[in-house]
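With this note's numbering applied, the sequence shown corresponds to residues 1 to 520, in that order.
Note that CB positions come from ideal geometry on N, CA and C, so glycine has one too.
Input: a single structure, listed below in structure tokens.
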Amino acid sequence: APVADARVTLIDQANKQLWEGKTGPDGVAVGPGVPRRSRWLYEETPSFIVVAEKDGDIAYVGSNWHEGISPWEFGHTYDPTEARPVPRGTIFSDRGVYRPGEEVHFKAILRADAPSGMSLFRSGTPVVMSTRDGQDKEIDKRTIKLSDWSSAEWTLRLPEDGALGTYRVTAQVTGYENPQEPDETSSSGVGGRFLVAAYRRPDFRVDATLASDSAIAGATLTGVVNAKYLFGASMGKRPVTWRTSRLRLCGAPVGVAENFTDERFAFGEECDHSPETEQVGSDETTLDASGQFGMDIQTGVGNGKPYRYTFEGDVEDASRQRIAGRASFLVHPAPWYVGVLRPSYFVDQKSGLQTAIVTVSPDGKVAPGVPVTITLQQTQWHSVRRAEGQGFYTWETTREQTKVGTWTVTTADQPVPLSIPLASGGLFQVSAVARDSEGHVTETNTSFYALGAGYTAWERFDHNRITLVPEKRIYRPGETARLMVQSPWERATALLTTEREGVRTHRQFELTSSQQSISV
């Protein structure tokens, strides 16, 4: 239960009391911010403890007790030393690569990142622009003034005898230098890169094609490399290095997505990360007398995933100049894709899951009459405390998926409705699989959370972090965000804080379920 009228004290490293107050009826005390240090004086990092006292009982917490809940663990940059606005922005050039002696046209766009949000620097703010070559030698340094739009433009002619490699350009806003190391570029600086290279125009061109009569798994692809001199002659008998690779794709192809949008229907597998390119084969050989090289690439059946196959040929001429050509071809896992009507990310457990199933050909046309097997699985985490010795324990957690049920539908000209009851709350995954007599298979997965009373075993951590899952990834200003609280406790008193540029709110509420939702 909340503890009211508890005395709360903030004490720094020197045992100096920074603030004292009392908790309210909700057990919450709100104090002022502690003094912030200069950005560069690292030895003056503020450190303090918070002490709460009531009726002879004492509890305390240190300012560095943030294991598992540091902002960077949630993908947020965080620097408590930023005591004043920090420059953010970008610098880019008109081209990506230059020869020595050429002119480079730059543009810089800068903003001041303050606690209240992004803002423009005032017009006329001086900025020091420094350019360093590939050997880290400074070749230009100048001061320019920002425009009314907090941007700047300037031109630099590269030295004729300049070094080759990647050049760096940095912008340092006056007033943000490191006072201890004024010659060093501080972390508040904004920068960009461009390449300086010695290159010549090509004497020949290389074209590659990759084609097939069928785009369904099991088809044979034909890759061809054709090399010709720009004056028209073929490059017979020149060495060529060929490579083939494939990349697994997520979601639906363009033809399907145009008629069945991703917001409404799920197609294919959910990808938590970008798939890696798989190397299928490579070798070195020689072009024929006409300057061509061709080969067949066999695709497999039964994998259930769409792939983009890539064929590349790298040709070398008599002067050892190398030029490559590349072509790609999309191979579908089956003559159709299975679409699952996306449920709300948060589903009411009592109402059950309401979805629909459809099969669509790669060009986006409905393909009726396909039997589809739908499986519902629930994800649970089983956690145990393991002794590490010397009185220390740690959580060991294993992830387990349990099949809840299986249903079969035959698709029609319209999505076929499917209602699935839910006996409990938690994390669920719907899998829809379709097969044909030739061994082609395609599968679609989508996940959702069921909200309701009861207990769900979530993943446990030693730091007891509570995970908040948003219903949507993007919200517009003025919308209400709904969050699910993955609580390790079925009943508890929780404190919710909301922090953003200029936003500071807090409120207390009661947890009555391990998968309860809250609105912000």
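For residue i, which of the options has the nearest alpha-carbon?
i, options, result
"residue 332", "58, 304, 496", "304"
"residue 204", "443, 253, 236, 114", "236"
"residue 5", "326, 30, 14, 256", "30"
"residue 372", "409, 296, 404", "409"
"residue 221", "335, 201, 227, 212", "212"
"residue 158", "322, 195, 145, 127", "195"
"residue 132", "102, 111, 164, 149", "164"
"residue 436", "216, 86, 16", "216"
"residue 109", "161, 172, 226, 471", "172"
"residue 490", "510, 479, 472", "510"
"residue 62", "288, 51, 318", "51"
"residue 273", "247, 506, 256, 260", "247"
"residue 120", "147, 269, 24", "147"
"residue 21", "9, 124, 301", "9"
What did DSSP end up calling residue i once you bin it into helix, strand or coil?
i, result
"residue 303", "coil"
"residue 44", "In this predicted model, residue 44 has a pLDDT of only 43, less than 50, meaning its place in the structure is not dependable; the value taken from the coordinates is given anyway. Residue state, collapsed to three classes: helix."
"residue 226", "strand"
"residue 34", "coil"
"residue 445", "strand"
"residue 183", "Reliability fails at residue 183, whose pLDDT of 44 lies under 50, so the model's placement of it is uncertain and the value that follows must be treated cautiously. Residue 183: coil per DSSP, three-state reduction."
"residue 194", "strand"
"residue 71", "helix"
"residue 438", "coil"
"residue 257", "helix"
"residue 427", "strand"
"residue 119", "strand"
"residue 422", "coil"
"residue 474", "coil"
"residue 291", "coil"
"residue 14", "coil"
Less than 7 Å separating the beta-carbons of residue i and residue j?
i, j, result
"residue 91", "residue 49", "no"
"residue 375", "residue 447", "no"
"residue 381", "residue 453", "no"
"residue 97", "residue 206", "no"
"residue 335", "residue 253", "no"
"residue 366", "residue 444", "no"
"residue 87", "residue 190", "yes"
"residue 105", "residue 155", "yes"
"residue 219", "residue 299", "yes"
"residue 126", "residue 170", "no"
"residue 378", "residue 426", "yes"
"residue 234", "residue 290", "yes"
"residue 306", "residue 249", "yes"
"residue 495", "residue 518", "no"
"residue 364", "residue 256", "yes"
"residue 386", "residue 208", "no"
Rounded to whole angstroms, what's the CA-CA distance from residue i to residue j? Just pull it up for me.
i, j, result
"residue 266", "residue 441", "16 Å"
"residue 481", "residue 107", "38 Å"
"residue 192", "residue 167", "8 Å"
"residue 383", "residue 400", "11 Å"
"residue 53", "residue 64", "20 Å"
"residue 201", "residue 100", "16 Å"
"residue 293", "residue 225", "5 Å"
"residue 185", "residue 95", "Bear in mind that a pLDDT of 40 at residue 185, under 50, signals an unreliable position, so the number given afterwards is only what the model happens to contain. So the two alpha carbons sit approximately 25 Å from each other."
"residue 153", "residue 313", "41 Å"
"residue 388", "residue 396", "11 Å"
"residue 150", "residue 317", "50 Å"
"residue 25", "residue 507", "12 Å"
Mind the definition here: the region 353 to 366 touches the region 462 to 471 only if three or more C-beta pairs lie below 8 Å; say whether that holds.
no
Counting beta carbon pairs with one atom in the region 229 to 248 and one in the region 271 to 290, are three or more of them shorter than 8 Å?
yes
Determine contact between the region 113 to 130 and the region 487 to 504, defined as no fewer than three beta-carbon pairs at a distance below 8 Å.
yes
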